[in-house]
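Each remark here refers to the structure printed beneath this line.
Number of protein chains: 2
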Amino acid sequence: MTALLSPEALEACLREIGAARYHNNHPFHKLLHGGALTKGQVQAWALNRYCYQTAIPRKDAALMARLEDPDTRRLWRQRIVDHDGERPGEGGIARWLALTEGLGLERDYVISTRGALPATKFAVEAYIHFVAERPMLEAIASSLTEMFSPKIIAERVAGMLANYDFVDEKTLAYFNARLSQAPRDADHALDYVKSHARTPEQQQAVLDALTFKCSVLWAQLDALYFAYVEPKLPPPDAFIPEDMRG
Amino acid sequence: MTALLSPEALEACLREIGAARYHNNHPFHKLLHGGALTKGQVQAWALNRYCYQTAIPRKDAALMARLEDPDTRRLWRQRIVDHDGERPGEGGIARWLALTEGLGLERDYVISTRGALPATKFAVEAYIHFVAERPMLEAIASSLTEMFSPKIIAERVAGMLANYDFVDEKTLAYFNARLSQAPRDADHALDYVKSHARTPEQQQAVLDALTFKCSVLWAQLDALYFAYVEPKLPPPDAFIPEDMRG
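And the structure:
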């Protein structure tokens with residue numbers, strides 16, 4: 339890239355990256371939504387995804403730790419509130435634990451992350467370090483996968499309710515909350531990026547940050563597919579669902 | 339673990355972890371050594387492994403940046419010399435590039451890491467961050483996979499020379515150098531760990547650090563297997579070997 343893009347053209351490029359690389363394109367997601375997974379495979383997904391969920395407020399705190407502007411910090415703070423809640427038992431992490439419990443996983447085992455795949459943890463930590471270490475513009479741009487999440491959530495909830503008798507609306511409550519939170523977060527971050535990326539180099543860095551973040555999500559599904567779908571080779575100590583045992 | 343182990347018992351526990359978790363047990367390595375891979379799959383291995391090779395001197399510098407003792411620093415410094423060489427074209431990274439070139443990969447493409455799997459990069463960065471951030475004892479213990487590398491290198495060189503007509507002794511020169519370097523490094527780190535882990539908690543932390551490092555190596559082979567062996571689903575922009583193209 340050499341020419342400076344208009345803010346609208348930059349947004350269009352971001353949407354193109356999402357269309358090509360967001361994890362709704364991943365074969366594991368197609369299996370998940372399409373009802374092609376066993377309960378054990380859905381458990382493995384929820385158990386691993388917990389590592390990501392629980393890291394998000396740390397990621398947002400790392401970003402706020404370097405945000406100098408109180409107005410932006412105040413807006414960003416709401417993300418932490420959404421995930422951690424106002425009191426114990428509330429917020430996105432608690433709702434994710436309701437999902438894993440609804441799937442029959444023991445709460446303490448999920449929280450320990452003992453059964454999660456190392457590859458999941460490596461991808462999640464790469465995201466936190468990216469946000470903590472890169473220029474603020476890139477750190478904020480890496481959150482822009484939220485632009486694409488309402489679509490995947492709608493597909494996921496409809497597909498999972500229709501196809502799996504072991505999930506219900508209550509266990510999927512996490513996603514309902516995200517349907518209103520994600521667009522608000524995405525709008526704010528997109529406005530920030532469109533107004534702060536003022537050189538071709540900054541615009542390219544923004545696009546690269548979103549590509550990086552798509553890889554973080556994609557790699558998590560690669561690891562799930564490898565361990566639990568095909569060739570089904572979970573690494574030492576990883577969670578083994580009942581329906582995969584002997 | 340509750341009781342304090344003797345240094346010898348600690349070493350025995352470390353060797354047990356290696357026996358169970360070192361990546362010579364991984365199915366990808368069995369295919370690599372056994373001659374069951376195509377040239378394209380071997381290229382993918384060498385291309386991805388470059389990310390690891392090239393990060394090792396940064397890892398060692400991160401460790402030395404926190405090492406207060408000049409004697410330990412001086413010994414550790416040799417690792418950086420081994421990888422970076424005394425002058426351009428020497429050292430382990432140059433020898434690894436000779437391997438990738440011998441396999442027909444373009445040097446600049448390898449160095450760019452553009453075609454490497456995101457999961458490879460996440461695992462490698464997790465290792466660097468671990469070494470930069472954890473207590474020195476754990477940082478040093480995470481290098482102890484070197485205890486097990488002479489065995490895998492001997493298997494690898496013999497297996498690859500016997501089974502692949504596209505490799506020869508010259509392209510595998512990296513490994514010959516490691517056969518003398520790795521045991522020296524491992525002996526030093528093992529002595530350090532055995533004399534500095536003086537509580538049960540420290541000993542457990544040492545064992546956990548080696549387990550972590552085994553996962554770093556293991557996850558890299560998981561990702562290669564997933565993308566290039568089965569189910570062969572390389573993520574967007576990853577290297578596609580000629581023998582995998584339509």
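Protein sequence lines, in the order shown, are assigned to chains A and B. For the first sequence, this note's numbering gives the first residue as 339, with consecutive numbering after it. For the second sequence, this note's numbering gives the first residue as 339, with consecutive numbering after it. Using N, Cα and C, we set each Cβ at its ideal position, and we do this for glycine too.
DSSP, read as helix, strand or coil, puts residue 353 of chain B in helix. Annotation: residue 460 of chain B to residue 385 of chain B spans about 15 Å, alpha carbon to alpha carbon. Annotation: the continuous alpha helix (DSSP H) that includes residue 534 of chain A extends over 511 to 534.
Counting C-beta pairs with one atom in each stretch, the segment 356 to 370 of chain B and the segment 553 to 573 of chain B have three or more that are closer than 8 Å, which means they touch.
For the pair residue 372 of chain B and residue 383 of chain B, the Cα-to-Cα distance works out to about 14 Å. Pairing residue 494 of chain A with residue 364 of chain A gives a Cβ-Cβ distance that is not under 9 Å. The Cβ-Cβ distance between residue 483 of chain B and residue 434 of chain B does not fall below 9 Å. Distances from the CA of residue 451 of chain A to each of A/381, A/525, A/545 were compared; the closest alpha carbon is that of A/381.
In the structure shown, residue 375 of chain B falls within a coil segment according to DSSP collapsed to helix, strand and coil. Assigned with DSSP and collapsed to three states, residue 486 of chain B falls in helix. Rounded to whole angstroms, the gap between the alpha carbons of residue 549 of chain A and residue 540 of chain A is 14 Å.
Residue 563 of chain B is a Cβ neighbour of residue 569 of chain A, given a cutoff of 9 Å.
Along the segment 483 to 509 of chain A, none of the residues has a CB nearer than 7 Å to a CB of chain B. Minimum Cα-Cα distance from residue 430 of chain A among the listed residues A/558, A/375, A/387, A/402 corresponds to A/387. Restricting attention to A/340, A/351, A/341, the CA atom closest to the CA of residue 544 of chain A is found in A/351. Under the three-state reduction of DSSP, residue 570 of chain B is assigned to coil, being neither helix nor strand. Three or more beta-carbon pairs separated by less than 8 Å are not found between the segment 514 to 524 of chain A and the segment 435 to 444 of chain A, which leaves the two stretches without contact. Leaving aside the five residues that flank residue 479 of chain A on each side, the residues in its chain whose CB is nearer than 7 Å to its CB run, in chain order, 531, 544, 547, 548.
What residue 571 of chain B touches in chain A, judged by beta-carbon distance under 8 Å, is 365, 560, 563, going in chain order. In this model, residue 567 of chain B and residue 445 of chain B are separated by some 24 Å (Cα to Cα). DSSP, reduced to helix, strand and coil, places residue 454 of chain A outside both helices and strands of the structure shown, so it counts as coil.
Per DSSP, the continuous alpha helix (DSSP H) segment holding residue 408 of chain A begins and ends at 408 to 422. Under the three-state reduction of DSSP, residue 468 of chain B is assigned to helix. When B/509, B/376, B/455, B/355 are compared, the shortest CA-CA separation from residue 580 of chain B is found for B/376.
Residue 510 of chain A and residue 353 of chain A have their C-alpha atoms some 27 Å from each other. At a C-beta separation below 7 Å, residue 359 of chain B has these neighbours in chain A: 574. A direct Cα-Cα distance of roughly 9 Å separates residue 343 of chain B from residue 535 of chain B. Between residue 401 of chain B and chain A, the shortest Cβ-Cβ separation is not below 9 Å.
With 16 or more other CB atoms across the displayed protein chains lying within 10 angstroms of its CB, residue 481 of chain B is buried.
DSSP, read as helix, strand or coil, puts residue 437 of chain A in helix. For residue 582 of chain B, there is no enclosing alpha helix (DSSP H), as DSSP marks it with neither H nor E.
If you draw a 10 Å sphere on the C-beta of residue 533 of chain A, you find fewer than 16 other C-beta atoms in it, and that means exposed. Contact of residue 352 of chain B with chain A is not assigned, every C-beta pair being separated by 9 Å or more. Residue contact with chain A for residue 414 of chain B: absent (no Cβ-Cβ distance below 9 Å to any residue of chain A). For residue 577 of chain B, there are no C-beta contacts with chain A under 9 Å, since the nearest C-beta of that chain is about 14 Å from it. Comparing alpha carbon positions, the residue from A/421, A/346, A/370 closest to residue 505 of chain A is A/370.
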